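K.L.:
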Amino acid sequence: MTDLFSLPLEWIPEGSAALLDAIRDWADKQVIPVRRRIDEDWEQHELSHQLLRSLSVDLGYQWAVWPEAYGGGGMNAISSALCTEEIARADSGLATAATCSVWAMTPVMPPRENRHLMELFTPKFLSTDEWYVGSAAITDARSGSDVENIDGTGGRYVATTAHLDGDEWVVNGHKLWPTNSGGLADVFAVFCTTDPAGGPDAFAIIYVPAGTPGVTQGKPYQKAGMAGDWNSDVWFDHVRVPAEFRAHGPGADAEAARAFISSGNVGTAAQCIGVMRNVFELLREWCDTRVVGGTLLKEHTITAGVLADIVTAIETSRSETYLKARMLDRPDLYGPRHTPEMLARTRVTKLFVSDQLTLVVNKAMDLMGAFGYAREGDLEKHWRDSKIMSLWMGGRALPQLDIARWFFDAQSY
Ligand SMILES: Cc1cc2nc3c(=O)[nH]c(=O)nc-3n(C[C@H](O)[C@H](O)[C@H](O)COP(=O)(O)OP(=O)(O)OC[C@H]3O[C@@H](n4cnc5c(N)ncnc54)[C@H](O)[C@@H]3O)c2cc1C
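Under this note's numbering, read the sequence shown as residues 403 to 815, first letter to last.
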């Protein structure tokens, strides 16, 4: 179905149409017809891996999002959000796996790049044979999402540590949940601390190739949904990597982490919109054919009110998300991604849009009744897959804290 929702056309780079068409075609022909099988594939990941490889390598998604200065397509935040929408419209688990793979590398990408790491990893990520997989290992076994509470607790409770021994970092810790773990990841961006007392200078992002001695990935978890994405425990036991594998250094890594969360907020919102668009498509089809009380469901006034609420949620989510994507693309006007201001503004986007997603999926299920709850109806899959988007990146609390901190100058943590 044609995309009926508003988009700021003047902000969309001209060159992005071909890839978007290719992803839409991949979604319609390769993913949607088999997406129910992705749930059964949660332990093997064969189907998902094949779909992710075809997206990332054959279609060139991985190349397209890689920086232009390093031979990639140099996609900006707007095009990137559009691609994310198209992938998530078919399957949000696959969208999580594909986008997080490259997102893990954004702390060392331009504008503030770590040249050494970019030169090392570019040939792997631009491989035309294999899907090279990145993973951001943030959530800590002990302190959970508090690792992302950079301006609140400042890394005081981060249990994953790194200390410099000669010209090597020695990393120790236990992470839970990183997207693309479970044996899939080729490289981890490990969010850790160089000083258990915390503080912005102690916050560190250290890159650890998955094959380094001392790294162990557990078995994939079985979750309610999002089987296209693999998650597991990851242990780092006296893992040694060269000193230059730290993203930047004291202070700068905390800034890189904020920038990373700002772009993750907009990416999550784009993913939510992709799901909402497909929910809308499923609902349109249902309301066009389902007759209740002798009349098409959509012709009942009480139903029309709900349908209008669903459209309003998607329209406003789109406006909010693309405004913030545009702001990320124009640091000359709005400032860089790493400021507490941009973090707070984009936390608003993630909080609001993921809440709209939960409302939209629930309202759609109310209208579709038991068919919406049945496996054969696909809505049920979105219902299971989507809730995590309001839970990850610190649930509701961390976005709320960052928002109150900047807009109200609140010191809450
Ligand atoms: C499909 C999927 C993909 C994921 N991808 C990744 C990934 O790529 N990398 C990664 O590292 N993790 C990832 N996660 C983990 C996810 O980000 C976390 O589960 C999430 O951030 C919440 O952390 P937690 O589960 O440890 O809960 P906790 O951090 O224990 O939070 C529990 C509750 O406490 C609230 N809370 C947290 N801090 C505060 C505070 N300071 N004040 C008040 N309330 C607070 C939270 O909002 C939440 O309501 C993923 C999880 C899933 C299921």
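Even for Gly, the Cβ is constructed at its ideal location relative to N, Cα and C. These numbers were taken from a predicted model, which means no experiment stands behind them.
Taking the beta carbon of GLU833 as the centre, do at least 16 other beta carbons fall within 10 Å, making it buried, or is it exposed?
P.N.:
Not covered by the structure: residue 833. The range shown for the chain is 403 to 815.
K.L.:
Could you compute how far the alpha carbon of ASP804 sits from the alpha carbon of ASP553?
P.N.:
Locating residue 804 in the sequence shown gives position 402, where the first residue counts as 1. Locating residue 553 in the sequence shown gives position 151, where the first residue counts as 1. C-alpha separation (whole angstroms): 8 Å.
K.L.:
Taking 8 Å as the threshold (C-beta atoms), are ALA538 and PRO580 in contact?
P.N.:
The sequence position of residue 580 within the sequence shown is 178, counting from 1. The sequence position of residue 538 within the sequence shown is 136, counting from 1. It is a contact, given that the beta carbons lie within the stated cut-off.
K.L.:
If you draw a straight line from the alpha carbon of ILE540 to that of VAL560, how long is it in whole angstroms?
P.N.:
Here residue 540 corresponds to residue number 138 of the sequence shown, with the count starting at 1. Here residue 560 corresponds to residue number 158 of the sequence shown, with the count starting at 1. In a straight line, the C-alpha of ILE540 is about 9 Å away from that of VAL560.
K.L.:
Going by alpha carbons, who is nearest to SER756 out of TRP785, GLU743 and ALA656?
P.N.:
Stepping through the sequence shown from its first residue, residue 756 is reached at position 354. Nearest C-alpha to SER756: TRP785.
K.L.:
Could you say if the region 500 to 520 and the region 747 to 765 meet the contact criterion of at least three C-beta pairs nearer than 8 Å?
P.N.:
Contact fails: fewer than three Cβ-Cβ distances are below 8 Å.
K.L.:
Once DSSP output is grouped into helix, strand and coil, what is the label at LEU406?
P.N.:
Walking along the sequence shown from the start, residue 406 turns up at place 4. It is coil, neither helix nor strand.
K.L.:
Cβ of VAL573 less than 8 Å from any chain B Cβ?
P.N.:
As a matter of chain content, chain B is missing from the structure shown, which is built from one protein chain.
K.L.:
Inspect the CB distances between the region 613 to 624 and the region 637 to 644 and report whether three or more fall short of 8 Å.
P.N.:
The answer is yes - the region 637 to 644 touches the region 613 to 624, with three or more Cβ pairs under 8 Å.
K.L.:
Extract the residue ranges of the beta strand (DSSP E) inside the region 529 to 599, only unbroken runs of 3 or more that lie entirely within it.
P.N.:
Runs found: 536 to 539, 563 to 567, 570 to 578 and 589 to 595.
K.L.:
Along the chain, where does the beta strand (DSSP E) that runs through GLN673 open and close?
P.N.:
Here residue 673 refers to the residue found at position 271 when the sequence shown is read from its first residue. That residue, GLN673, is in no beta strand (DSSP E); its alpha helix (DSSP H) goes 654 to 691.
K.L.:
Can you check the region 459 to 534 for any beta strand (DSSP E) of at least 3 residues that lies completely inside it and give the ranges in chain order?
P.N.:
As far as the region 459 to 534 is concerned, it has no whole beta strand (DSSP E) run of at least 3 residues.
K.L.:
Taking TYR623 as the reference, which of LEU409, GLU445, MET403 and ILE434 has the closest Cα?
P.N.:
As a working mapping, residue 623 is identified with position 221 in the sequence shown. The shortest Cα separation from TYR623 among LEU409, GLU445, MET403 and ILE434 belongs to GLU445.
K.L.:
Take SER418 as the anchor and find which of THR748, CYS674, VAL467 and ARG455 has the nearest alpha-carbon.
P.N.:
What you label residue 418 is simply residue 16 of the sequence shown in a count that begins at 1. Here the closest residue by C-alpha is VAL467.
K.L.:
Ligand 1 heavy atoms versus the CB of TYR609: any closer than 7 Å?
P.N.:
Looking up residue 609 in the sequence shown gives position 207. Because no heavy atom of ligand 1 lies under 7 Å away, the Cβ of TYR609 does not count as near it: no.
K.L.:
Whose C-alpha, out of GLY771, ILE675 and PHE647, is nearest the C-alpha of SER408?
P.N.:
In the sequence shown, residue 408 corresponds to position 6, counting from 1. Ranking the options by Cα distance to SER408, first place goes to ILE675.
K.L.:
Straight-line CA distance for GLY584 to LEU411?
P.N.:
Mapped onto the sequence shown, residue 584 falls at position 182. Mapped onto the sequence shown, residue 411 falls at position 9. Each residue's alpha carbon lies about 39 Å from the other.
K.L.:
Need the endpoints of the beta strand (DSSP E) that TRP413 sits in, please.
P.N.:
Within the sequence shown, numbered from 1, the residue matching residue 413 stands at position 11. First-last for TRP413: undefined, no H or E at that position.
K.L.:
My output table needs one value for THR741: the three-state DSSP class, helix, strand or coil.
P.N.:
On the sequence shown, position 339 is the one that residue 741 refers to. In the structure shown, THR741 sits in coil (DSSP, three-state: anything other than H, G, I, E or B).
K.L.:
In terms of alpha-carbon separation, which member of TYR472, GLU416 and ILE489 lies closest to ILE425?
P.N.:
The count along the sequence shown starts at 1 and reaches residue 425 at position 23. Of the listed residues, the one whose Cα sits closest to ILE425 is ILE489.
K.L.:
Tell me where the alpha helix (DSSP H) around TYR724 begins and ends.
P.N.:
As a first step, residue 724 is located in the sequence shown; it is residue number 322 there, counting from the start. Taken as a continuous stretch (DSSP letters only), the alpha helix (DSSP H) holding TYR724 covers 703 to 731.
K.L.:
Determine whether the beta carbon atoms of PHE630 and GLY495 lie at a separation below 8 Å.
P.N.:
Sequence index remark: in the sequence shown, residue 630 carries index 228 (1-based). Sequence index remark: in the sequence shown, residue 495 carries index 93 (1-based). Here residue 630 is Gly; the residue named in the question, Phe, does not match the sequence. Yes, the Cβ-Cβ distance between GLY630 and GLY495 is below 8 Å.
K.L.:
Should PHE810 be labelled buried (16 or more other beta-carbon atoms within 10 Å of its own) or exposed?
P.N.:
Counted from its first residue, the sequence shown places residue 810 at position 408. Under this definition PHE810 is an exposed residue.
K.L.:
Short check: CB of TYR609 to CB of VAL589, under 8 Å?
P.N.:
Looking up residue 609 in the sequence shown gives position 207. Looking up residue 589 in the sequence shown gives position 187. Yes, they are a contact pair.
K.L.:
Apply the 10 Å Cβ neighbour rule to GLY696 and answer buried if 16 or more other Cβ atoms are within range, or exposed otherwise.
P.N.:
Stepping through the sequence shown from its first residue, residue 696 is reached at position 294. Exposed, because fewer than 16 other Cβ atoms sit within 10 Å of the Cβ of GLY696.
K.L.:
Using the C-alpha atoms, what's the distance from LYS752 back to TRP465?
P.N.:
Start at 1 with the first residue of the sequence shown, and residue 465 comes out as number 63. Start at 1 with the first residue of the sequence shown, and residue 752 comes out as number 350. Taking the straight line joining both Cα atoms gives about 26 Å.
K.L.:
Is ALA799 near ligand 1, in the sense that its beta carbon is under 7 Å from a heavy atom of that ligand?
P.N.:
Along the sequence shown, read from residue 1 onward, the residue named residue 799 stands at position 397. Result yes, Cβ under 7 Å from ligand 1.
K.L.:
Can MET767 be considered in contact with ligand 1, in the sense that its beta carbon sits closer than 7 Å to one or more heavy atoms?
P.N.:
Taking the first residue of the sequence shown as position 1, residue 767 is located at position 365. No, since every heavy atom of ligand 1 falls outside the 7 Å radius drawn around the Cβ of MET767.
K.L.:
Under three-state DSSP, which class holds TYR623?
P.N.:
To locate residue 623, count along the sequence shown from 1; it is residue 221. TYR623 falls in the coil class under three-state DSSP.
K.L.:
Might you give, ordered along the chain, the residues of its own chain that have their beta carbon closer than 7 Å to the beta carbon of ARG455, omitting 5 neighbours on each side?
P.N.:
If you number the sequence shown from 1, residue 455 lands on position 53. If we look at ARG455 and ignore the five residues flanking it on each side, its Cβ neighbours are TRP533.
K.L.:
Just to confirm before moving on: does the CB-CB distance between ASP748 and ALA483 stay below 8 Å?
P.N.:
By one-based count along the sequence shown, residue 748 stands at place 346. By one-based count along the sequence shown, residue 483 stands at place 81. Inspection of the sequence shows that residue 748 is occupied by Thr rather than by Asp. In this structure, ALA483 does not lie closer than 8 Å to THR748 by Cβ.
K.L.:
ASN478 and ASP787: beta carbons closer than 8 Å?
P.N.:
The sequence position of residue 478 within the sequence shown is 76, counting from 1. The sequence position of residue 787 within the sequence shown is 385, counting from 1. Contact flag unset, no.
K.L.:
Can the beta-carbon of LEU449 be found closer than 8 Å to that of ASP441?
P.N.:
The residue given as residue 449 occupies position 47 in the sequence shown. The residue given as residue 441 occupies position 39 in the sequence shown. In this structure, ASP441 does not lie closer than 8 Å to LEU449 by Cβ.
K.L.:
State yes or no: is the C-beta of CYS502 nearer than 7 Å to some heavy atom of ligand 1?
P.N.:
Locating residue 502 in the sequence shown gives position 100, where the first residue counts as 1. At least one heavy atom of ligand 1 is nearer than 7 Å to the Cβ of CYS502, so yes.
K.L.:
In chain order, what residues of the same chain lie with their CB nearer than 6 Å to the CB of TYR815, ignoring the 5 residues before and after it?
P.N.:
Here residue 815 refers to the residue found at position 413 when the sequence shown is read from its first residue. GLY554 and THR555, listed in sequence order.
K.L.:
I think MET520 touches THR670, with their Cβ atoms under 8 Å apart; what is that distance to the nearest whole Å?
P.N.:
As a first step, residue 520 must be located in the sequence shown, where it is residue number 118. As a first step, residue 670 must be located in the sequence shown, where it is residue number 268. Actually they do not touch by this definition, with Cβ atoms about 25 Å apart.
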